[in-house]
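Worksheet for the structure shown next.
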Amino acid sequence: MSSSTPISVRVRFAPSPTGFLHVGGIRSALFNWLWARHNGGISILRIEDTDRARYVEGALDQICDSLEALGIAPDEGPREGGEYGPYVQSERLDLYHQHAKPLLESGALYRCWCSPERLTKLREEAQATGVAFKYDRHCLIAANQRSETEPHVLRFRIPDAPESIGWDDAVRGRLDFKLTDLDDFVAIKADGFPTYHFANVVDDHLMAISHVLRADEWLPSTPKHLLLWQAFDWQPPVYAHLPAVLGPTGNKKLSKRDGAQSVQEYLDEGYLPEALRSFLASLGWNDGTTQEVYATDELVERFTLERIQRSPAKFDKDRLTWMNGFLIRQMPLDKLLERSRGFWPASASDSSMTYRRHVLRLVQDRLKFLSELSELTEFFFTEPDYRSGILETEADSDRYRHPTFAVCLRAARQAVENSDFSEASLEAALRPLAEELGTKTGVLFSAIRIAITGQKSAPGLFETLAVLGRETSLRRLDNAIKQL
Ligand code: GLU
Numbered sequence: 023m024s025s026s027t028p029i030s031v032r033v034r035f036a037p038s039p040t041g042f043l044h045v046g047g048i049r050s051a052l053f054n055w056l057w058a059r060h061n062g063g064i065s066i067l068r069i070e071d072t073d074r075a076r077y078v079e080g081a082l083d084q085i086c087d088s089l090e091a092l093g094i095a096p097d098e099g100p101r102e103g104g105e106y107g108p109y110v111q112s113e114r115l116d117l118y119h120q121h122a123k124p125l126l127e128s129g130a131l132y133r134c135w136c137s138p139e140r141l142t143k144l145r146e147e148a149q150a151t152g153v154a155f156k157y158d159r160h161c162l163i164a165a166n167q168r169s170e171t172e173p174h175v176l177r178f179r180i181p182d183a184p185e186s187i188g189w190d191d192a193v194r195g196r197l198d199f200k201l202t203d204l205d206d207f208v209a210i211k212a213d214g215f216p217t218y219h220f221a222n223v224v225d226d227h228l229m230a231i232s233h234v235l236r237a238d239e240w241l242p243s244t245p246k247h248l249l250l251w252q253a254f255d256w257q258p259p260v261y262a263h264l265p266a267v268l269g270p271t272g273n274k275k276l277s278k279r280d281g282a283q284s285v286q287e288y289l290d291e292g293y294l295p296e297a298l299r300s301f302l303a304s305l306g307w308n309d310g311t312t313q314e315v316y317a318t319d320e321l322v323e324r325f326t327l328e329r330i331q332r333s334p335a336k337f338d339k340d341r342l343t344w345m346n347g348f349l350i351r352q353m354p355l356d357k358l359l360e361r362s363r364g365f366w367p368a369s370a371s372d373s374s375m376t377y378r379r380h381v382l383r384l385v386q387d388r389l390k391f392l393s394e395l396s397e398l399t400e401f402f403f404t405e406p407d408y409r410s411g412i413l414e415t416e417a418d419s420d421r422y423r424h425p426t427f428a429v430c431l432r433a434a435r436q437a438v439e440n441s442d443f444s445e446a447s448l449e450a451a452l453r454p455l456a457e458e459l460g461t462k463t464g465v466l467f468s469a470i471r472i473a474i475t476g477q478k479s480a481p482g483l484f485e486t487l488a489v490l491g492r493e494t495s496l497r498r499l500d501n502a503i504k505q506l
């Protein structure tokens, strides 16, 4: 390919279905997706399920669902299909065997019959002398070889020359590894499954992958991969190793407490896909400006590999929550109404969309994530629960010596009785009342708020009364007065 030929970008996200996809993993998916979109390329989902012992039932579906829910579904993958499939490695075993053959013939791979017991012993001996374990090539000696029909693995023979192997990482720059540090790793296991290394390289080639964007925990594997590319005489892709995602203090692994939860859990809590995309993009990437929140097309337009940082990223869940609240506040009300489906309290089920829309308008500014909706709006749909003793406790407080809590409520009831319950008329009726009663508006309004909502903090008083309407508001005031 001449240097002027634009390469077509094909990237893959290659998770192993060993558990639920959590936020660290999906950051790799997002970066791949952004790089594909930025270049008008193709993003692929490949499931690397060759480690049968760690396979978790249901993980594949959960990975596909998470990518779809986040709006970054691949162009090719197990659900989408595509010309380069199948996209699940356990369905590609023939391909790995076909590709092992020529390497076995050329001597790049060799058979090894060593028992797990022998290997364990070698490992223990290495450990006792403090050296890194390296297979001793016992099975390269003709006298130790056995029949091909006996169970065995295929190992990759680390070449004796050159001394080192390296690459220009698109994020980390030039990296070189000494070959003497590498072990003759297994390429095909005794159960016939390839190892991660072998399948990964064969598939990256067969799927015409141009760029590998993956977490830097895979850095130590890359020299092995490059040796495989060399043995096959294939052109390797560009490697870009993404910085680790650490906890908010930047010195510890991201823990459950810091927000290391699955993508689905975030969505269930009512984090918006667009907030997650913007936040996850900032974990190890920035566009060099101080902009905090990005629309997805802005990310697509600005995402480049040069701006991926080398140092670990800090996962600050508070920042995500802030971003989410910011995007909720910006959202047109009707869109928010649509998005809040499934987050209303059960008691809202009989209420009309028009009523819910009024309620939503009052809480939009306070919502940080959608699952808060239920608690914030419960009182709009059910009678307030005074059982906590909130009325009595307030009535006892010094603020209600004179006038008393009950006097405030009675006066308020009377004042609004003839109001048309528009916000303006409620305000006109209630504002002057505090002075008439000889108390502060804050004190009076607080009594009314507690009586009609059962809680101390709620949206603006006039708006709340207007949305609840005349009948409900008067009934609640009466009930509170009765209870006192
Ligand atoms: N299967 C590896 C994982 O679980 C993929 C690493 C890579 O992208 O090469 O992350």
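Residue numbering for the sequence shown follows the working numbering, beginning at 23 and increasing consecutively.
C-beta atoms are modelled at their ideal positions from N, C-alpha and C, and glycine is treated no differently.
Buried or exposed (CB count within 10 angstroms, at least 16 for buried), residue i
i, result
"F207", "buried"
"S26", "Caution applies to S26, whose pLDDT of 48 falls short of 50 and renders its modelled position unreliable; the value that the coordinates give is listed next. The residue in question, S26, is exposed, as its Cβ has fewer than 16 Cβ neighbours within 10 Å."
"E400", "buried"
"E70", "buried"
"V279", "Here residue 279 is Arg; the residue named in the question, Val, does not match the sequence. Exposed is the call here."
"N166", "exposed"
"R32", "buried"
"T475", "buried"
"F155", "exposed"
"E98", "buried"
"L487", "buried"
"D191", "buried"
"M23", "Below a pLDDT of 50, predicted positions are generally treated as unreliable, and M23, at 40, falls in that range; no measurement from the model is reported."
"Q386", "buried"
"T72", "buried"
"K123", "exposed"
"P37", "buried"
"S186", "exposed"
"M345", "buried"
"R497", "exposed"
"Q505", "exposed"
"D225", "buried"
"V153", "exposed"
"A480", "buried"
"R76", "exposed"
"I163", "exposed"
Expected contact under 8 Å - CB spacing of residue i and residue j to nearest Å
i, j, result
"L250", "F178", "7 Å"
"A282", "L276", "4 Å"
"L510", "L499", "Lying outside 23 to 506, the shown extent of the chain, residue 510 is not represented and no answer is given."
"R379", "L359", "5 Å"
"Y109", "L67", "6 Å"
"F215", "L115", "7 Å"
"V234", "I330", "Incorrect: roughly 13 Å between the Cβ atoms, too far for contact."
"V489", "F403", "Incorrect: roughly 11 Å between the Cβ atoms, too far for contact."
"N61", "F35", "The pair is not a contact, with the Cβ atoms about 16 Å apart (cut-off 8 Å)."
"I470", "K478", "Rounded, the Cβ-Cβ distance is 12 Å, inconsistent with contact."
"L459", "A433", "6 Å"
"K390", "T343", "5 Å"
"L176", "L131", "5 Å"
"Y118", "A230", "In fact, because the Cβ distance is near 17 Å, the residues do not count as touching under 8 Å."
"R59", "V322", "4 Å"
beta-carbon residue i near the ligand GLU non-hydrogen atom, thresh 7 Å
i, result
"P37", "yes"
"V234", "yes"
"N222", "yes"
"Y118", "no"
"W240", "yes"
"E70", "yes"
"Y218", "yes"
Residue i CB to nearest heavy atom of the ligand FMN below 7 Å
i, result
"A437", "Ligands in the displayed structure: the ligand GLU; the ligand FMN is not one of them."
Query raised in the report: Do the region 131 to 139 and the region 261 to 281 make contact, defined as three or more Cβ pairs closer than 8 Å?
Result: no
Query raised in the report: Is the number of C-beta pairs between the region 389 to 398 and the region 362 to 370 that are closer than 8 Å three or more?
Result: A contact between stretches requires three or more CB pairs, one per stretch, nearer than 8 Å, and the region 389 to 398 meets this requirement with the region 362 to 370.
Query raised in the report: Looking at C-beta atoms only, is the number of pairs between the region 406 to 415 and the region 438 to 458 that lie closer than 8 Å three or more?
Result: Verdict: no, contact absent.
Report task. For the region 459 to 469 and the region 413 to 429, state whether three or more C-beta atom pairs, one from each stretch, are separated by less than 8 Å. Result -> yes
**Report entry** Cβ pair count under 8 Å reaching 3, the region 329 to 343 against the region 263 to 272
**Finding:** yes
Query raised in the report: Of all the alpha helix (DSSP H) runs that stay within the bounds of the region 334 to 378, which reach a length of 4 or more residues?
Result: 339 to 352, 355 to 361
Report task. May I have a chain-ordered list of the alpha helix (DSSP H) segments no shorter than 4 residues that lie completely inside the region 268 to 301? Result -> 285 to 290
Query - alpha helix (DSSP H) runs contained entirely in the region 39 to 83, provided each spans 4 or more residues - result: Taking only runs of at least 4 residues, the alpha helix (DSSP H) segments lying wholly in the region 39 to 83 are 45 to 60.
Report task. Run through the region 98 to 142 for me and flag every whole beta strand (DSSP E) of 3 or more residues, listed as ranges in chain order. Result -> 131 to 134
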